[in-house]
Every structure is written in structure tokens, then in C-alpha cells.
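Below you'll find the structure, written out as C-alpha cells, and then a few comments.
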Amino acid sequence: MRSGRFGQMFSLPSIDVPNNRSAAFPLTLRVSCLAALFGALIITTPAANSQLFEADSKRYGESKMDIVVKEIERRERSSIVEVKINKLGSSVGSSFFLLCSLRRLALERGGYRYIVKIEEQPKRGQMLVGFLRGPEENLASLGKEFGALKAKEALIDLDQFAVICDQMN
245 MRSGRFGQMF SLPSIDVPNN RSAAFPLTLR VSCLAALFGA LIITTPAANS
295 QLFEADSKRY GESKMDIVVK EIERRERSSI VEVKINKLGS SVGSSFFLLC
345 SLRRLALERG GYRYIVKIEE QPKRGQMLVG FLRGPEENLA SLGKEFGALK
395 AKEALIDLDQ FAVICDQMN
């Protein structure tokens, strides 16, 4: 028995099939098994919208800054985001890249308009971002970490940056 290239990728042995038509059943059976395997892979693969978020400033052709914003943990109404700054660039450009990245994350997480963030949490280089539908929502509902924040001071309305962020896309 020999293994074909496709069989080696999935550790499936190939079946030697003589050049006569009487051996068509084993080949059909093998094709059916592979089809079932692909179906199982498709069903168990998570949907694209459940993948963790990542934004990279280099994807926008920006050579003056190199910042990567990466969601490393997803909770029900919040995310832990890691911010890696390799090259800062202008302070205004970098700030808007970070803000617009959080806006994209909020939209992907469910069309949230408002966020609150706790920088350097849970550790240095990370931030905890909470997602809100409206400014009247109780911050404590996002998690115990948000309970001590004052909503009026911490709340960010992402719609006020929509025009600028939409130009970055």
C-alpha cells in the first residue's frame, strides 16, 4: 500500500487501485470518506466572526508607525487587547490608529457604539475594553473590573470618530 500526497497531509493511506473497473468501489468509498472528513472540518471550524481581532498599522501602508492591536481574550461583553508598539510614528496618527482599531473591534463584536477601557490591565501592554450599547448602561455589568469607573469620565462614543476611521479603511 502506498500513500498519496493528499493522504500524507491527513495521515490517510491511499488505496492501490488497479486499472480495471472492478476496483471502483474502494475508490468511491475513499472519496466518500474524504468528503465526510471535509464536511466535518467545515462544521467544526469556527465562524470568521468568532475569531480574535487583530489590526496591524503596516497593512495600511503606513511606514512611519508599526503598531499591532491584538485581541488575546474574548469575554461576554469585554476583550483583553494587547498593544505592541514597534515604532510609534506621530502621536496623533498612532492615537487614531489605536482608537479606530478599537472601533472596528467594537463593530465586529456586535455593533457596539460605546466603549470603556482600562489601560495596563490585566498587565502592562494590555488593556481591558468593555462594550456598551448606550451611555446609560451600568459599567459593573461588564465585569467587576469596570465597577469602580465613573461612566461620564470613562465612556468613549465611537461614533464621533466614524468619519476619520472610515477614511482609514
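Residue numbers for the sequence shown follow this note's numbering, beginning at 245 and rising by one.
Quick reminder that beta carbons are idealized off the backbone N, C-alpha and C, glycines included.
Here the structure is a predicted model, which is why all the values come from computation and not from measurement.
query: Let's see if you can read the secondary structure: which residues bound the beta strand (DSSP E) around M412?; result: Looking at the DSSP string, M412 is not in any beta strand (DSSP E); the run it does join, the alpha helix (DSSP H), is A406 to M412.
query: Alpha carbon to alpha carbon, how far is I408 from M371? Give it in angstroms, no decimals.; result: 23 Å
query: Buried or exposed for L376, going by 16 or more other Cβ atoms inside 10 Å?; result: buried
query: When the Cα atoms are used, what is the spatial distance from R347 to L402?; result: 6 Å
query: Could you give the first and the last residue of the continuous beta strand (DSSP E) run that contains S322?; result: S322 to K331
query: For E315, does the count of other Cβ atoms within 10 angstroms reach 16, so buried, or fall short, so exposed?; result: buried
query: For K394, count neighbouring C-beta atoms within 10 Å of its own C-beta (all shown protein chains included) and say buried if the count is 16 or more, exposed if not.; result: exposed
query: Would you tell me roughly how many angstroms separate the C-alpha atoms of I329 and S307, rounded to the nearest one?; result: 13 Å
query: Quick one: grab the DSSP three-state call for R357.; result: coil
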